[in-house]
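Each residue of the sequence shown is one higher than the last, beginning at 3 in the numbering used here. Ideal Cβ placement from N, Cα and C applies to all residues, glycine included. As the structure is a computational prediction, the values presented were derived from the model and not from experiment. Everything below concerns the one structure shown next.
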Amino acid sequence: MKRYAAVAALALGVIPLLISAAGAEQIWINDIRANPVRYWNTTVTVVGMVQEVKSEPVGTTRGFYTIQDDSIVTGVINVGELPYNQLIVRSNNLPPIGKTFSITGTVIQDPTRANLPILKEISRTTPGMSAALKIILIAAIVLFIALIIAFVLLMNRGKQRAAEKGADRPDAAAEGGRTARLQAPAAKTQVYLNLGADIVVEKGPDKGKEFALTKLAFTIGRAGARKNDIELTDDTVSKEQATINYDNAKKIFSILNESSTNPTRIGGSAVSGSAVLENNTVLEMGRTQLRFRKP
Numbered sequence: 003m004k005r006y007a008a009v010a011a012l013a014l015g016v017i018p019l020l021i022s023a024a025g026a027e028q029i030w031i032n033d034i035r036a037n038p039v040r041y042w043n044t045t046v047t048v049v050g051m052v053q054e055v056k057s058e059p060v061g062t063t064r065g066f067y068t069i070q071d072d073s074i075v076t077g078v079i080n081v082g083e084l085p086y087n088q089l090i091v092r093s094n095n096l097p098p099i100g101k102t103f104s105i106t107g108t109v110i111q112d113p114t115r116a117n118l119p120i121l122k123e124i125s126r127t128t129p130g131m132s133a134a135l136k137i138i139l140i141a142a143i144v145l146f147i148a149l150i151i152a153f154v155l156l157m158n159r160g161k162q163r164a165a166e167k168g169a170d171r172p173d174a175a176a177e178g179g180r181t182a183r184l185q186a187p188a189a190k191t192q193v194y195l196n197l198g199a200d201i202v203v204e205k206g207p208d209k210g211k212e213f214a215l216t217k218l219a220f221t222i223g224r225a226g227a228r229k230n231d232i233e234l235t236d237d238t239v240s241k242e243q244a245t246i247n248y249d250n251a252k253k254i255f256s257i258l259n260e261s262s263t264n265p266t267r268i269g270g271s272a273v274s275g276s277a278v279l280e281n282n283t284v285l286e287m288g289r290t291q292l293r294f295r296k297p
């Protein structure tokens with residue numbers, strides 16, 4: 003939903019741009035000249051090149067200038083023989099001849115010539131992007147947003163189909179031909195065995211730690227690839243040092259030495275293979291000393 007909201011917000015943001023571009027569309031001079039009554043006292047924007055400048059009073063920056071745009075010349079009027087693609091602009095700051103400007107102003111009637119519209123300048127700027135180019139750019143943006151929306155919809159549909167295929171399977175024998183939903187395998191319950199014995203660290207970096215024997219096979223060693231049940235920090239102990247096994251039928255514990263570099267010792271002698279553990283048996287491995295207790 004957040005993804006769709008973001009795309010929708012982006013699309014809605016383009017709408018004001020489109021409206022703005024439409025509102026700034028260039029008014030052609032020949033439209034104003036051919037229909038002056040329609041534009042009396044109306045504010046418009048025209049774009050044209052300065053053709054002639056006349057200061058009034060002479061020597062000041064105020065006066066009139068004539069602009070010409072690219073609108074089609076349909077004829078001339080009798081008064082002044084001014085072409086239909088030219089318009090007189092009244093300004094307090096006359097521009098240089100030959101420059102093109104975007105001029106916003108109010109259409110008024112020339113007091114000396116009836117039915118001849120002139121433009122009372124409000125603002126004048128250098129024209130930027132043309133209206134046609136703006137519309138093309140906005141159309142390209144809208145098309146790009148539409149493609150994004152279509153891509154998002156296709157991706158979402160593909161994920162839904164993949165999820166449906168993974169969640170359902172045909173099982174005609176069990177469901178009579180209907181689709182049966184696969185159930186996730188139930189988590190296995192860890193069995194806790196109270197074997198009535200424990201290991202106490204009496205010497206070494208882990209002195210004081212106690213470990214209850216709760217498995218039929220209890221591994222001992224440093225941290226490594228194998229996850230040891232009794233994990234020691236003594237660097238003289240091997241990563242796979244030994245394993246304490248419990249024979250449920252005979253009710254006895256034994257230790258299996260698994261290290262060739264630092265063998266497990268009982269009473270100072272290295273354990274060869276495995277050895278039975280009695281209550282208070284002391285196990286030595288590296289600098290660590292363990293005591294097996296079975297009350």
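Boundaries of the alpha helix (DSSP H) around V39: P38 to Y41. Per DSSP, T128 lies in no beta strand (DSSP E) and is assigned neither H nor E.
The C-alpha of T47 lies about 17 Å from the C-alpha of I137. Here T45 is actually not in contact with T128; their C-beta atoms are around 20 Å apart, not less than 8 Å.
Its Cα nearest to that of Q88, the residue A36 stands out among R293, A36 and E204. Between L218 and N247, the gap from beta carbon to beta carbon is short of 8 Å. When beta bridges are read from the DSSP output, V278 appears opposite S256. Residue nearest to V60 within the set F146, R289, S274 and N95 is N95 (criterion: CA-CA distance). From the listed residues T63, L195, I74 and I90, the smallest Cα separation to E54 is found for I90. Secondary structure of D249 (DSSP, three-state): strand. The straight-line gap separating the alpha-carbon atoms of T235 and E280 is approximately 25 Å. Scanning S93, I34 and T245 for the CA closest to the CA of T63 turns up S93. If you check the CB distance, L292 and S276 do not come in under 8 Å. For K56, the three-state secondary structure derived from DSSP is strand. For the set P265, F220, E212 and K229, the Cα lying nearest the Cα of T238 is the one of P265.
G270 is the residue among G270, R289 and E83 whose C-alpha sits nearest the C-alpha of T283. Per DSSP, reduced to three states, the secondary structure at A116 is coil, with no helix or strand assignment. Out of V278, T245, I268 and S274, the CA that lies nearest to the CA of K252 is found in V278.
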